[in-house]
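Student: Residues are numbered in our numbering as their position in the sequence shown, beginning at 1, plus a constant of 181.
Note that beta-carbon positions come from the ideal geometry of N, C-alpha and C, so glycine has one too.
Quick caveat, the model's predicted, so the values are computed rather than measured.
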Amino acid sequence: MEILVRFPLQEGGPLGRAREVVAGCPGYRVEGETASVKLNLPSEWRALYELSVLLRGEGRAEYAVDGRAVRGEELFAGLRCFFRKERAGSLAREWCTPRSLSERQLFPCRQIHVYDNPRRTPNSWYSFGRMGEDGVFRVDKEAITSRVVSDLGAYAHCPILDLDGIAETIARLPDDIDPSRDAGWSYRQEGGPVSNWGVTRDDAREETPEGESLFERLARNVRSGGAGVAAGGNSPSNRNVPAAGYGDVGGLGEAVERVREAVELPITHPEIFRRLGIKPHRGVLFHGPPGTGKTLLARAVAHECGAHFIAVSGPEILSRFWGQSEAKLRAIFAEARAKAPSIILFDEIDSFASAREAMSESFEATLVSQLLSLMDGLGEPGRVCVIATTNRPDALDPALRRPGRFDHEIEVGLPDEAGRRQIFEIHTRRMPTDPALDLDELSRLTRGYSGADIEALCREAALACMRRTVDLRSLERRIPPHRLDSLRVTTYDFRTAMKRVRPSVGR
Ligand code: ADP
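#1: Quick check: does the Cβ of A645 come within less than 7 Å of any heavy atom belonging to the ligand ADP?
#2: Quick check: R187 and E243, are their CB atoms within less than 8 Å of each other?
#3: Using a Cβ-based criterion (distance less than 7 Å to any ligand heavy atom), does L433 qualify as near the ligand ADP?
#4: Given a threshold of 16 other Cβ atoms within 10 Å of its Cβ, counted over all protein chains shown, does I524 qualify as buried or as exposed?
#5: If we count Cβ pairs, one from each stretch, closer than 8 Å, do we get three or more for the stretch 327-347 versus the stretch 356-365?
#6: In terms of alpha-carbon separation, which member of R654, E606, L559 lies closest to A638?
#7: Can you tell which of P451, H468, R319, G472 has its C-alpha closest to the C-alpha of H462?
#8: Are L235 and A258 closer than 8 Å when you measure CB to CB?
#9: So does V593 have its beta carbon nearer than 7 Å to some heavy atom of the ligand ADP?
#10: For S667, tell me which candidate among I568, T614, M312 has the shortest Cα-Cα distance.
#11: Compare the beta carbon distance of F309 and I325 with 8 Å and say whether it is the shorter of the two.
#12: Could you check what DSSP says for F514 in three-state terms: helix, strand or coil?
#13: Under the criterion of a Cβ to heavy atom distance below 7 Å, does D704 qualify as lining the ligand ADP?
#14: Measuring CB atoms only, is the stretch 480-490 touching the stretch 611-627, in the sense that at least three cross pairs come out at less than 8 Å?
#15: Among all the DSSP beta bridges, which residues are the ones paired with I491?
#16: To the nearest angstrom, how far is it from the Cα of S541 to the Cα of R441?
#17: So, for T650: in the same chain, excluding its five sequence neighbours on each side, which residues have a beta-carbon less than 7 Å away from its beta-carbon?
#18: Please name the residue in T215, P223, P662 whose C-alpha comes closest to that of R241.
#19: Tell me the start and end of each unbroken alpha helix (DSSP H) in the stretch 628-668 that is at least 4 residues and wholly inside, in chain order.
#20: I need the boundaries of the beta strand (DSSP E) containing I341, first residue and last residue.
#21: Based on the DSSP output, what are the partners of M312 in its beta bridges?
#22: Pull the bridge partners of T381 from the DSSP assignment, please.
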């Protein structure tokens, strides 16, 4: 953020002192009788802070933020909170997302008073909206946005405010809440017609007198593909259920079995766990070399049990301001709870959760504690499952692997010959292949190839086939159907491709 300040040159007095303050700044210029200075925030905050004191009430001073003129009073009112933080020497995570709000803050800024607040509905995001006659509560995101904008007011000028992150958080909130279907929500009757009702979120699980809990009802719905848990991202409540299923995962027979037990069953058949008196795993760690299908497997299990899927890449969560990464984490968990059953995937978790000794007091350490406390606070296990993937399980913070966290590990290794054959089948399914193409032979020849390598190999073979049959120099505008029909990917094309695509692991 660049702030331009212009003021009259004058000896002595506040204007003279203002000139002394900025005289050493790289962005300082004098034109005739006017001094001007360009200051970058947050780094050059101190000079701007001193100007804010010295130029107070100086009607001849002019200001612009990133080229847009603003009034001095508005600019400095908007920076008041930021200046206070800098003067106190606080980090964003202490100032913008203070510990006292950690249980409920949804946005990474203390000036915004819209919370994720399970117990008290006033000021929680789901107090914005209307109950429809059908008993479905429609969240009013526009109202949330205007409340956020009005809370921010001039603070929208804050140089460390992550407006995109805030917009993203609002977008992530569910559009509809149907307490008769979505576990964890109940009706709050205000008397009169349904349109006067509201919703409340209960963190404790609720049992209906007839014996079937909302959760069981939801699980039943999931199994029968019932309303509200339909596949595809465009269902009424905007759930994101991936399209790939177990049929798209090759050669991971044992891992798939273990994932079904650890992730799928708790979501679809909670009654088994209840009957046996055991708690499902809250977090599951997939480890193995890159490209072996860890992410694919997480998507597939979400598809199979109709779970809302949220993928977060480890590096992505490390944004510039720690406090804001923490608020993002919180928003992700809030979304997962609101749209349960859900699966949160932390891809490459080692990027921010490697052993804490190595990071001492760093941002990562705080993120890890935040992640752990969010996992501890998930309530009933099973409804929200957290999956993390890593290539380096030994580098992980040991605290992550304690009971109740990522206490279950599933190895996703390189495929064996039979596994590679299955993966070849999957990735050549939609390809016109020569009848003589011998997948057994290809599987034998591709020792050390991961699933991702085999996928790349199939693509490369198809390109080799294209190069062999289509002459780019004399390409007709439209290739006649009979020529398209005659395209066949052959063993020769795969052999050509293998010269280009080598196994990536251990390279
Ligand atoms: P990882 O998360 O282990 O690094 P990914 O799941 O991202 O690997 O794999 C990348 C792509 O490679 C997948 O989208 C898929 O197309 C292909 N792939 C990897 N493993 C398999 C597998 N076991 N079966 C089928 N396709 C696979």
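Tutor: Quick look at the numbers:
#1: False, no ligand heavy atom lies under 7 Å from that Cβ.
#2: Inclusion of R187 and E243 in the CB contact set at 8 Å is warranted, their separation being smaller than that value.
#3: Yes, the beta carbon of L433 sits closer than 7 Å to at least one heavy atom of the ligand ADP.
#4: By the C-beta density criterion, I524 is buried, having at least 16 other C-beta atoms within 10 angstroms.
#5: In this structure the stretch 327-347 does not lie against the stretch 356-365, because fewer than three pairs of beta carbons, one per stretch, are closer than 8 Å.
#6: The sequence shown places Leu at residue 638, not Ala. Minimum Cα distance to L638 is reached at E606.
#7: Of P451, H468, R319, G472, the residue nearest in Cα terms is P451.
#8: No, these two residues do not count as a Cβ contact at 8 Å.
#9: Because some heavy atom of the ligand ADP lies under 7 Å away, the Cβ of V593 counts as near it: yes.
#10: Out of I568, T614, M312, T614 has the C-alpha closest to the C-alpha of S667.
#11: Taking 8 Å as the cut-off, the beta carbon of F309 is found closer than this to the beta carbon of I325.
#12: In the structure shown, the three-state DSSP call for F514 is helix.
#13: Any property of residue 704 remains undetermined from this structure, which presents the chain solely from 182 to 688.
#14: Two segments are said to touch when three or more pairs of C-beta atoms, one from each, lie closer than 8 Å; by this definition the stretch 480-490 does not touch the stretch 611-627.
#15: For I491, which the question treats as bridged, DSSP gives the partners I525.
#16: Confidence in S541 is poor, its pLDDT being 48 and thus under 50, which makes the residue's placement unreliable; the coordinate value appears in the next sentence. Going by the C-alpha atoms only, they are around 37 Å apart.
#17: Taken in chain order, the residues that qualify are L668.
#18: Selected option, being the one with the closest Cα: T215.
#19: Segments of the alpha helix (DSSP H) lying fully in the stretch 628-668: 632-650, 662-666.
#20: Where I341 is concerned, there is no enclosing beta strand (DSSP E), given that its DSSP letter is neither H nor E.
#21: Looking at the DSSP assignment, M312 forms a beta bridge with F318.
#22: Paired residue(s): S367.
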